[in-house]
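A.B. asks: Sending over a structure as structure tokens; questions will come in a sec.
In the working numbering, the protein residues as written are -8 to 798.
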């Protein structure tokens, strides 16, 4: 320990004698280690930090593997869920839930819409949690007609009810109906993530249909049961149900997925790409510091020789050099932590809302431990460079050199160009990846969404069953609201739809065309998105009708049932015929509730599922013929759409003071939000690539400047013998090019091999995009030549007489 403390003290004095070197090394390492700490904080918080549930590894989401409709992770029916739960011995508990609704609350403040999750009785048992105050649901509360109870999220309890400890047992009004607060969930519980209130799930007779897919399922494995064994058992259950109920279950399987994977699935690849990027930045920083240490070691060669002559063994000197390197890295890591704390806050604030578990992202003990480990490993890594100088040092010759640095022909001298090539190659890989994402994002922005997002406001409104019991009540309210909104000053047109931007699991159904033969039970099913819309919706959205007509006010309940379909629908089901006037029905045409719909018009395809998503066949029914309680309105304005918000709230309040409007935003903002995740990844990777390129340019400049300083006498002799300044300039540039070109070639080859990993993040361009792979190496070459130019010009300005006098 005493030796270690002496080494630390000596290292501190040695660094204090050369503050410029220490500052440059610490700053370089702080950038590399800080960037790694910041991204690791995000990766650890989202992907690695334990979920806040006991034995969370035993919790699995149970998916309906709906291969008939091409959906690997689909919801299921309530009867199927009941059979899964009854027959799956591998599970300790299994529960169903659905996020299909919103609830309007009028207690504790202004009317507000809350995201509601309906759950079965074992929901909390699956997670192994209990309410922080109060109790959970009972089995009796899951029956239709039972007393209505609710569980509040901690966030809602604090925000709307002020953390009132007496909230349990209090009655609040949800959708105009009384609910008794049974309990408040702990702050750590948030599943599904956006849920603010949980209600008992009491399935209606319609929901009991085995063909109605609407229920999500989650389960907890019994202790000691491996996921593979549970999957095997569920495969057997799926086969049994396919035999017993061949219609809805033919070709369907059951898929188990760990809860963590379900939560983080969409962000895993982008985060790992970013983590790889900052690791590359750190490697470039290590190469820069190694070059600094080599240059400093050349100056210190006589000092180390004196220590050896006084009796210090090579091991003792090596330990001292490694101590200095690790000390530099630890100090750089400490400075990097301060940078990382700021960076983590910025990253979290800029991250898209759909990124899961952002509340778990922070710089804590685990992250600091990672930083310390990275700092020590980094110090050992770049500390190896000066040890190479120590290996070949002859004490007597070093003493005779009186400080003259070693030449470039030694192994150490040859190491510097290798480090430069490595920096150039690593930076090029990052720049190619960033270039591909930028090109991809530009291609995505150029996609025509099929609607006009400019000057359009959107908001959602849901009418409760307590005050609007029948379909006629729902129709009358929405008709009246649309008429009043259309008459507001500054409004050009108004329309509404059941779903503005369709999700991964929209409301879909198979169809049967009039005249088609009965479908075999094992035939693949092609489903169509089902929407409800009001007259004026297509005009408000700026969607183009390409054939027939759009929805009209005379498409009433007692009129001819009609539908408007998109061009993808026509291409799939009526490719060679005029679709106008053709009829189809959803589901089984033998069903007594089947309604034959006449195609009245065709609209151009839109990308409402996302600009990068495949377009699905879609159908729109008149809202009057297919009323839904929740509609999203689109109000196209003559000027600033947000200026209409007060008038819209007032208009809704005049019709029903207890109805809130929710999700108020512009169509442009909604479209931009759909690209937020890709934009976030692109900007971060571009920032790290720019940092890598900067560090590489600094490294090139440092090495060339050092080599020029080493060759001052040689260059002076050349000029004394008649060489022109342009000759010297060309000589330095060409020799620098010899160091840079291998890095460009190797970096391009590595990028060609690695960028295929970005395939899932790209749109509209291949991973081996020719423009990117031509522009980036050219840009790296240009940056390298600029970094070389300054020391090269200094070399060409050497005075031959002064250079010769140095000897």
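Glycine included, each C-beta is placed from N, C-alpha and C at the ideal position.
According to DSSP, is residue 623 helix, strand or coil?
C.D. replies: strand
A.B. asks: Using the DSSP secondary-structure output, state which residues sit across from residue 248 in a beta bridge.
C.D. replies: 52
A.B. asks: Can you confirm whether the segment 412 to 429 touches the segment 677 to 684 when touching is taken to mean that 3 or more C-beta pairs between the two stretches lie within less than 8 angstroms?
C.D. replies: yes
A.B. asks: By alpha-carbon positions, which one of 580, 355, 9, 523 ends up nearest to residue 509?
C.D. replies: 580
A.B. asks: Which whole runs of the alpha helix (DSSP H) in the segment 613 to 697 are 4 residues long or more, in chain order?
C.D. replies: 636 to 646, 658 to 665
A.B. asks: Taking residue 440 and residue 597 to be in contact with their CB atoms under 8 angstroms, please state how far apart those CB atoms are, rounded to whole angstroms.
C.D. replies: 6 angstroms
A.B. asks: Below 7 angstroms between beta carbons: does that hold for residue 649 and residue 162?
C.D. replies: no
A.B. asks: Measure the beta-carbon distance from residue 88 to residue 114 and round it to whole angstroms, keeping in mind my assumption that it falls under 8 angstroms.
C.D. replies: 6 angstroms
A.B. asks: Please report the distance separating the alpha-carbon of residue 482 from that of residue 438.
C.D. replies: The straight-line gap from Cα to Cα measures roughly 27 angstroms.
A.B. asks: Considering only the beta carbon of each residue, do residue 189 and residue 108 sit closer than 7 angstroms?
C.D. replies: yes
A.B. asks: Quick test of the definition: if touching needs 3 or more C-beta pairs under 8 angstroms, does the segment 584 to 593 touch the segment 542 to 560?
C.D. replies: yes
A.B. asks: Note down, one range per segment and in chain order, each alpha helix (DSSP H) of at least 4 residues found wholly within the segment 132 to 164.
C.D. replies: 145 to 152
A.B. asks: Where does residue 172 land, buried or exposed, given buried means 16+ other C-beta within 10 angstroms?
C.D. replies: Note on residue 172: 16 or more other CB atoms within 10 angstroms of its CB, so buried under the neighbour-count rule.
A.B. asks: Can you tell me where the beta strand (DSSP E) holding residue 169 begins and where it ends?
C.D. replies: 168 to 175
A.B. asks: So is residue 220 buried or exposed if we call it buried at 16+ other beta carbons inside 10 Å?
C.D. replies: exposed
A.B. asks: Report buried or exposed for residue 426, applying the criterion of at least 16 other Cβ atoms within 10 angstroms of its Cβ.
C.D. replies: buried
A.B. asks: State the DSSP-derived secondary structure class of residue 75, mapped to helix, strand or coil.
C.D. replies: helix
A.B. asks: From residue 263 to residue 24, what does the alpha carbon distance come to, in whole angstroms?
C.D. replies: Taken atom to atom, the span from the alpha-carbon of residue 263 to that of residue 24 is near 17 angstroms.
A.B. asks: Within this structure, are the beta carbons of residue 282 and residue 410 separated by less than 7 angstroms?
C.D. replies: In contact: residue 282 and residue 410 (Cβ atoms closer than 7 angstroms).
A.B. asks: What's the call for residue 10, buried or exposed, on a 16-neighbour Cβ count within 10 Å?
C.D. replies: With fewer than 16 other Cβ atoms within 10 Å, it is exposed.
A.B. asks: Check this for me: beta carbons of residue 451 and residue 654, under 7 angstroms apart or not?
C.D. replies: yes
A.B. asks: Can you list, in chain order, the residues of its chain with a C-beta nearer than 6 angstroms to that of residue 304? Leave out the 5 residues immediately preceding and following it.
C.D. replies: Note that residue 304 scores 49 on pLDDT, short of 50, meaning its location in the model is unreliable; the coordinates nonetheless yield the value given after this. So the list is empty, once near-sequence residues are dropped.
A.B. asks: Does the beta-carbon distance from residue 501 to residue 619 come in below 7 angstroms?
C.D. replies: no
A.B. asks: What are the residues that DSSP puts in a beta bridge with residue 424?
C.D. replies: DSSP, once it has assigned bridges, lists no residue as partnering residue 424.
A.B. asks: Which same chain residues, not among the five before or five after residue 369, have their C-beta less than 7 angstroms away from its C-beta?
C.D. replies: The residues are 20, 24, 273, 277, 320.
A.B. asks: So who's on the other strand from residue 232, going by DSSP bridges?
C.D. replies: The partner list for residue 232 (beta bridge, DSSP) is empty, contrary to what the question assumes.
A.B. asks: For residue 562, tell me which candidate among 530, 697, 609 has the shortest Cα-Cα distance.
C.D. replies: 609
A.B. asks: May I ask you to report which of helix, strand or coil DSSP gives residue 739?
C.D. replies: helix
A.B. asks: Leaving aside the five residues before and after residue 521 along the sequence, list all residues of the same chain whose C-beta is less than 7 angstroms from its C-beta, in chain order.
C.D. replies: Here the set comprises 498, 499, 500, 577, 610.
A.B. asks: Please state the DSSP three-state secondary structure of residue 525.
C.D. replies: coil
A.B. asks: What number of angstroms, rounded off, separates the C-alpha of residue 652 from the C-alpha of residue 37?
C.D. replies: 32 angstroms
A.B. asks: Kindly list the residues whose CB is nearer than 7 angstroms to the CB of residue 781, restricted to its own chain and excluding five residues on each side of it in sequence; keep chain order.
C.D. replies: 692
A.B. asks: By how many angstroms is the C-alpha of residue 445 removed from the C-alpha of residue 658?
C.D. replies: Approximately 7 angstroms, taken between the alpha carbons.
A.B. asks: So residue 310 and residue 186 are in contact, right, with Cβ under 8 angstroms, and what is the actual spacing, rounded?
C.D. replies: So it is not a contact: roughly 57 angstroms between Cβ atoms.
A.B. asks: Taking only runs of the alpha helix (DSSP H) that begin and end inside the segment 434 to 509, which ones reach a length of at least 4 residues, in chain order?
C.D. replies: 462 to 477
A.B. asks: Could you give the distance in angstroms between the alpha-carbon of residue 138 and the alpha-carbon of residue 544?
C.D. replies: 41 angstroms
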